[in-house]
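These notes concern the structure reproduced below.
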Amino acid sequence: MRALGYMMAASLFATPVAGWSKEVPQQATEAVPIDIGSWIGPDNYPPEAIRAGEQGRVVAIVSIDAGGHPTACRIDVSIGSPALERGTCATVLANGRFEPARDARGRAIASEMTLPIRWVLPSEEDPRPPSGPWDTIHIVTIDADDTVLNCKVTVNGKPQSTTLADCGRPGGSPAELRERLKITGRYGMRMDVAIRHGDTPPPVPPVPVAGRLLASYEARQIVDAEGVPSGCTVTVTAGEWVEEARKHLEKTPCERGVRFFPPKGSDGTPKAASVLIATWITLLPASN
Numbered sequence: 189m190r191a192l193g194y195m196m197a198a199s200l201f202a203t204p205v206a207g208w209s210k211e212v213p214q215q216a217t218e219a220v221p222i223d224i225g226s227w228i229g230p231d232n233y234p235p236e237a238i239r240a241g242e243q244g245r246v247v248a249i250v251s252i253d254a255g256g257h258p259t260a261c262r263i264d265v266s267i268g269s270p271a272l273e274r275g276t277c278a279t280v281l282a283n284g285r286f287e288p289a290r291d292a293r294g295r296a297i298a299s300e301m302t303l304p305i306r307w308v309l310p311s312e313e314d315p316r317p318p319s320g321p322w323d324t325i326h327i328v329t330i331d332a333d334d335t336v337l338n339c340k341v342t343v344n345g346k347p348q349s350t351t352l353a354d355c356g357r358p359g360g361s362p363a364e365l366r367e368r369l370k371i372t373g374r375y376g377m378r379m380d381v382a383i384r385h386g387d388t389p390p391p392v393p394p395v396p397v398a399g400r401l402l403a404s405y406e407a408r409q410i411v412d413a414e415g416v417p418s419g420c421t422v423t424v425t426a427g428e429w430v431e432e433a434r435k436h437l438e439k440t441p442c443e444r445g446v447r448f449f450p451p452k453g454s455d456g457t458p459k460a461a462s463v464l465i466a467t468w469i470t471l472l473p474a475s476n
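In my numbering, each number is its position in the sequence shown, counted from 1, plus 188.
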């Protein structure tokens with residue numbers, strides 16, 4: 189599904205810088221993160237920040253006990269994104285492991301350190317679809333001579349930079365669609381995709397006057413904390429193409445071996461959830 193190709197992936201880099209606290213003894217060696225790449229990764233990117241397109245450098249002050257476990261976190265420098273601030277401390281406190289600081293006698297001691305993390309959103313580098321909430325709209329405009337005039341893509345309300353190849357052509361070539369739908373002049377094809385947690389379908393996008401709903405689909409699956417789906421089903425729920433579409437259903441995410449970005453709980457940690465992917469294909473009014 190081309191609509192899912194516009195998800196954002198995360199690339200995180202962290203370089204520890206020693207910090208001092210007036211409440212702890214002066215240390216001979218500072219605390220050092222252990223295998224930071226294993227506890228900060230793409231799955232930790234806050235969903236709210238992804239939807240808002242937020243990225244940048246966040247610097248946290250982390251308190252670490254003598255056992256190397258983080259005990260507290262506060263933000264020292266931020267780009268002004270509450271989502272990235274919360275995500276930074278939540279990830280460090282949940283996953284962080286450190287070699288503790290040591291005093292002059294080599295004894296492990298509690299300490300503080302400064303931990304900068306750069307959150308980066310390179311587009312389309314991670315092939316996994318989001319597990320929601322997520323909304324995309326593709327609109328392709330076809331001229332009277334069946335050439336593709338333009339393609340518009342919107343992700344979570346934000347227009348995206350695209351090429352004609354990015355949209356695809358739902359249902360076949362422009363000429364085949366024209367003959368199949370018995371239309372003349374310029375027309376448009378629109379595909380809406382909405383991804384949600386739970387089993388309740390999102391509202392159906394409004395069909396414009398003289399527009400025609402061709403097909404709507406609902407794909408349901410349980411996605412575990414690793415992003416692996418199970419119990420996948422796909423149903424065609426409405427539209428002019430409903431009978432034909434039921435005869436030519438695409439393979440489910442389970443059958444295709446798709447892995448999702450893991451769903452997140454209210455505390456930001458991965459957790460299993462029901463995921464619904466709703467798709468609507470609409471013929472937009474012809475214009476000359």
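Where a beta carbon is used, it is the ideal one built from N, C-alpha and C, also for glycine.
Checklist entry - Distance, Cα to Cα, R447 vs G241? => result Counted from its first residue, the sequence shown places residue 447 at position 259. Counted from its first residue, the sequence shown places residue 241 at position 53. In this structure, the alpha-carbon of R447 lies about 22 Å from that of G241.
Item to check | Extent of the continuous alpha helix (DSSP H) run through P318 | outcome: Taking the sequence shown and counting its residues from 1, the one referred to as residue 318 is at position 130. For P318, no alpha helix (DSSP H) segment is defined, and its DSSP state is neither H nor E.
Checklist entry - Counting Cβ pairs closer than 8 Å, one from the segment 266-285 and one from the segment 227-239, do we hit at least three? => result The segment 266-285 makes contact with the segment 227-239; the number of CB pairs closer than 8 Å reaches 3 or more.
Next on the checklist: I need the DSSP call for E218, collapsed to helix, strand or coil.
Outcome noted: The residue labelled residue 218 in the question sits at position 30 within the sequence shown. E218 carries a coil assignment under DSSP once its states are collapsed to helix, strand and coil.
Checklist entry - Roughly how many angstroms separate the alpha carbons of E211 and R239, rounded to a whole number? => result Along the sequence shown, one-based indexing puts residue 211 at 23. Along the sequence shown, one-based indexing puts residue 239 at 51. Because the pLDDT at E211 is just 44, under 50, the model does not fix this residue reliably, and the value given afterwards should be weighed accordingly. When the Cα atoms are used, E211 and R239 turn out to be separated by approximately 39 Å.
Next on the checklist: Looking at the strands, I want to know which residues DSSP matches up with F286.
Outcome noted: Working through the sequence shown from its first residue, we reach residue 286 at position 98. In DSSP, F286 forms a bridge with P221.
Next on the checklist: Check for me: the alpha helix (DSSP H) holding I238 runs from which residue to which?
Outcome noted: For the purposes of this step, residue 238 is taken as the residue at position 50 of the sequence shown. Looking at the DSSP string, the run of the alpha helix (DSSP H) that includes I238 is 235-240.
Checklist entry - Relative to the alpha-carbon of L401, which residue among M377, E414, P390 has its alpha-carbon at the smallest distance? => result Mapped onto the sequence shown, residue 401 falls at position 213. It is M377 whose Cα lies nearest to the Cα of L401.
Checklist entry - Three-state secondary structure (DSSP) at K452? => result Sequence index remark: in the sequence shown, residue 452 carries index 264 (1-based). Under the three-state reduction of DSSP, K452 is assigned to strand.
Checklist entry - For the beta strand (DSSP E) that contains L337, what are its first and last residues? => result What you label residue 337 is simply residue 149 of the sequence shown in a count that begins at 1. Counting along the chain, the unbroken beta strand (DSSP E) around L337 starts and ends at 336-343.
Item to check | DSSP bridge partner residues for C261 (one or two, in chain order) | outcome: Within the sequence shown, the letter at position 73 stands for residue 261. Among the bridge pairs identified by DSSP, C261 is matched with V250.
Checklist entry - Leaving out five residues before and five after G294 in sequence, what residues of the same chain have Cβ atoms less than 8 Å from its Cβ? => result Residue numbering aside, residue 294 sits at position 106 when the sequence shown is read from its first letter. Closer than 8 Å at the Cβ level, and outside the excluded window around G294, lie A216.
Checklist entry - Ends of the beta strand (DSSP E) at V424? => result Within the sequence shown, residue 424 is the residue found at index 236, counting from 1. Going by DSSP, V424 is part of the beta strand (DSSP E) stretching over 417-426.
Checklist entry - Just curious, the alpha helix (DSSP H) that A363 is in, first and last residue? => result Within the sequence shown, the letter at position 175 stands for residue 363. It spans 362-369 - the alpha helix (DSSP H) in which A363 sits, taken as one unbroken run.
Checklist entry - Got a sec? Which residues, its chain only, sit under 6 Å from A382 by beta carbon, not counting five neighbours each side? => result Residue numbering aside, residue 382 sits at position 194 when the sequence shown is read from its first letter. Only D323, P390, A466 meet the Cβ criterion.
Checklist entry - Can you tell me the Cα-Cα spacing of R408 and V424, whole angstroms? => result Residue mapping note: residue 408 aligns to position 220 of the sequence shown, counting from 1. Residue mapping note: residue 424 aligns to position 236 of the sequence shown, counting from 1. Rounded to the nearest angstrom, the two C-alpha atoms are 12 Å apart.
Next on the checklist: Can you give me the C-alpha to C-alpha distance between W307 and G244, rounded to a whole angstrom?
Outcome noted: Numbered from its first residue, the sequence shown carries residue 307 at position 119. Numbered from its first residue, the sequence shown carries residue 244 at position 56. Our two residues, W307 and G244, have alpha carbons roughly 5 Å apart in a direct line.
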